[in-house]
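Numbering (our numbering), first residue to last: 73 to 341.
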Ligand code: PAF
C-alpha cells in the first residue's frame, strides 16, 4: 500500500481511481466501503483527514478519536492501494463552498456550517485525487445527497455512489461512536433501527405521521433523547409532495449523550 502525505502527489498516474474519503478511526463500515470501491476499480484511494472545517465545536474536534496506526493496519488488509494522509496545509487557499438550503435541516440544523465544511474539503480532495468514482456511506444520507449534487455541478465526470449501511447482528448501524456505548447501551441502541423498520413495515399512504409519532414516543420511553425523526422526499430532501416516489425516514437520537443517526427508505407503493 502506497502512503502519500503530500498534496502535490500526482494521482493522475493511476487511472480510474475509486475514492473513499474518511476522517480515520476506521471500522467495518469503512472496510465495506473500500470493498465496494474495489469492485468498481482496481485502484482504490482512501484519504484520512480530520477536517477542522466541519466541526462547529472545538471540543468535538479535539476529542475526535485519532488512531492512525490501527487505521493503517486495517487499510493494509482491506484492498486499499493508496492512503492519502494530508496535513492541514491542504486547507491553504482552499476554495470554500456554502451548502444549499437542504443543509439546514436534519443534521445541519444543530450543526450550522457543518456541511459547508464537508463540501469544501470534499471538493478539495476531489481536485487533488481526481477519482472516477467516489463512494460514500448511506448512513450519512444528507451528506451523500449534498455531495452528489455538488459533484454533479462541479465534477460532471465523477460518479458518486452511495453504499448501503452496515449493521451489527441486531440492526444497529455501525459507527465509530458505538465504541462509546457499553454492552447494555448497544443493545438498547438497536431499538433505533427496530423503530425505523416498524414504520416501513406498517406504512400506508395515510398513517406516516402517526407511525413517526409512535416511534418517537417509544424511543423517548426507552430513554433516548430524539433530536429529529423526520420523513422527506429521498431524492431531493424536500418535503414530501405528490411527485415523491421514495421517502426517507431519518433519525438522530442521543443515548447517554452519544449522538446516533440512521435512516430507512420507503418506496411508495
Ligand atoms: O463522512 C466523513 O467521514 C466526512 O464527513 C468526510 C466525507 C470524510 C469529509 O471530511
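Quick reminder that beta carbons are idealized off the backbone N, C-alpha and C, glycines included.
Non-local C-beta neighbours of residue 318 in its own chain, meaning closer than 6 Å and more than five positions away in sequence, comprise 306, 337, 339, ordered along the chain. The beta-carbon separation of residue 248 and residue 97, rounded to 5 Å, stays under the 8 Å limit for a contact. Look at residue 126: its beta carbon is less than 7 Å from one of the heavy atoms in the ligand PAF. Cβ contact annotation for residue 84 (same chain, cutoff 8 Å, sequence separation greater than five): 202, in chain order. The beta carbon of residue 333 sits no closer than 7 Å to any heavy atom of the ligand PAF. Taking C-beta separations shorter than 6 Å and ignoring five residues to either side along the sequence, the partners of residue 296 in its chain run 325, 327, following chain order. Between residue 310 and residue 304, the CB-CB gap stays under 8 Å. Annotated three-state conformation of residue 256 is helix, per DSSP. Contact holds between the stretch 86-94 and the stretch 109-124, because three or more Cβ pairs, one in each stretch, are under 8 Å apart. If you check the C-beta of residue 195 against the ligand PAF, you find no heavy atom less than 7 Å away. The DSSP assignment places 130-135, 140-148, 178-181 as complete runs of the alpha helix (DSSP H) inside the stretch 112-200, in order along the chain (cut-off: 4 residues).
Straight through space, the alpha carbons of residue 242 and residue 228 are spaced by roughly 39 Å.
DSSP places residue 300 within a strand segment (E or B) once states are collapsed to three. Selection 218, 282, 156 evaluated against residue 77 yields 156 as nearest (Cα-Cα).
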